[in-house]
Amino acid sequence: MKVVSLYNIKGGVGKTTFAVNIAYEAAMQGLRTLLWDLDPQGSSSYILRIKPHIKGDISQLLDGKKPLARLIKGTQWPLLDVIPSDFDLRRLSSLLEAKKTQSSKLSKSMKTFGREYDLVVLDCAPEASTVSENVINFSDLIVVPIIPNPLSINTFEMLLKFADGLTGKNPGILAAFNMVDRRKHLHKQLLEKYLNRDPRFLRMYIPASSSIEQMASQRAPLETFSHRSISTTAFADLTTEILSLIT
Ligand SMILES: Nc1ncnc2c1ncn2[C@@H]1O[C@H](COP(=O)(O)OP(=O)(O)OP(=O)(O)O)[C@@H](O)[C@H]1O
Ligand SMILES: [Mg+2]
6 MKVVSLYNIK GGVGKTTFAV NIAYEAAMQG LRTLLWDLDP QGSSSYILRI
56 KPHIKGDISQ LLDGKKPLAR LIKGTQWPLL DVIPSDFDLR RLSSLLEAKK
106 TQSSKLSKSM KTFGREYDLV VLDCAPEAST VSENVINFSD LIVVPIIPNP
156 LSINTFEMLL KFADGLTGKN PGILAAFNMV DRRKHLHKQL LEKYLNRDPR
206 FLRMYIPASS SIEQMASQRA PLETFSHRSI STTAFADLTT EILSLIT
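The numbering of the sequence shown is this note's numbering, which starts it at 6 and goes up by one.
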């Protein structure tokens, strides 16, 4: 089992959009995939039409003994399952801080998925919290969606420093440009500066597109309602690039 997390300290950059489409594309490519919506906002759960509610107390996520499998919901696609969000997830960081050993329990709970899934995709909240520290520790790859502008690149550098300061496993952390509009001079300039030149950036990027925006009203992964569009192909290619890095 490999864990790919969509993470950025910045909000509204495309983490949820990437998480849903990457998980969907991976499932379509034949991988048994679990999308875990770790953001109390519950946007991935909403898009995939799964009620953002976890039965019982949120502290069960840290109970290494109880397998998290009970929380898993199926989707209409046989290879794609979801652990829904819950608004109580906002308390997860303080629960983790209360007991240092809790962190290893969270990753222990995660590891029980190893037998059932080839890929776990985490949709993270926009924060630099104890949950984020855990996510960095148990991921194989962190994908950081960023909009091409200097402030977003500054935040990416900040995120790299934050991860560098942590003890434990240091996964690969790679940025992926999102909402790219090549007609904009700044976007063109930054793509030329970073793509294929800076190894911290994935080669594939996602264009700005109104069909991607429609995911929240269609409540479905992009490919299911926008066949063969440029954006759908971009997500398939990005997923292939990501999977080639972890398998
Ligand atoms: N490539 C794109 N083209 C057009 N709109 C996009 C694109 N990517 C994301 N969006 C839109 O931008 C908004 C924010 O995207 P999304 O919810 O995926 O970001 P996020 O990083 O998960 O946000 P948050 O930090 O609140 O969790 C959404 O309305 C989404 O539809
Ligand atoms: Mg989100």
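We put the CB at the ideal spot given by N, CA and C, even for glycine.
For Pro-83, the Cβ stays outside the 8 angstroms cut-off from all heavy atoms of ligand 1. Judged by beta-carbon spacing, Arg-96 lies within the 9 angstroms limit of Ile-63, meaning their Cβ atoms are closer than that value. Residue Thr-22 holds the alpha-carbon nearest to the alpha-carbon of Thr-244 among Asn-13, Thr-22, Val-18, Lys-15.
Between the alpha carbons of Gln-223 and Leu-196 lies a gap of roughly 30 angstroms.
Apart from the 5 residues on each side of it in sequence, Ala-213 sits with its Cβ closer than 7 angstroms to the Cβ of Met-184, Val-185, Asp-186 in its chain, given in chain order. With a cutoff of 8 angstroms, Asn-13 counts as near ligand 1, since its C-beta is closer than that to a heavy atom of the ligand. Shown here for Leu-164: same chain residues with a beta carbon closer than 8 angstroms to its own, the five before and five after excluded, namely Tyr-12, Asn-13, Ile-14, Ala-133, Val-149, Ile-178 in chain order.
Counting the other Cβ atoms within 10 Å of the Cβ of Ile-235 gives fewer than 16, which makes it exposed. Bridge pairing for Phe-92: absent [DSSP]. By the neighbour-count definition (other C-beta atoms within 10 Å, threshold 16), His-192 is a buried residue.
Taking 8 angstroms as the cut-off, one finds at least one heavy atom of ligand 1 near enough to the beta carbon of Gly-19. Gln-46 is positioned such that its CB atom lies closer than 9 angstroms to that of Ala-130. Within 10 angstroms of the beta-carbon of Gly-19 lie 16 or more other beta-carbons, which makes it buried. With respect to the 9 angstroms criterion, Val-25 and Ser-144 are not classified as neighbours on the basis of their beta carbons. Counting C-beta pairs closer than 8 angstroms gives fewer than three between the segment 158–177 and the segment 28–35, which falls short of the contact rule. Note on geometry: alpha-carbon atoms of Ile-251 and Leu-40 lie some 17 angstroms from one another. Residue environment for Ala-103: exposed (fewer than 16 other C-beta atoms within 10 angstroms of its C-beta). Considering only Asp-203, Val-126, Gln-81, the residue with the shortest C-alpha distance to Asp-44 is Val-126.
Residue range 48–52 is occupied by the alpha helix (DSSP H) that includes Ser-50, with no beta strand (DSSP E) assigned at that position.
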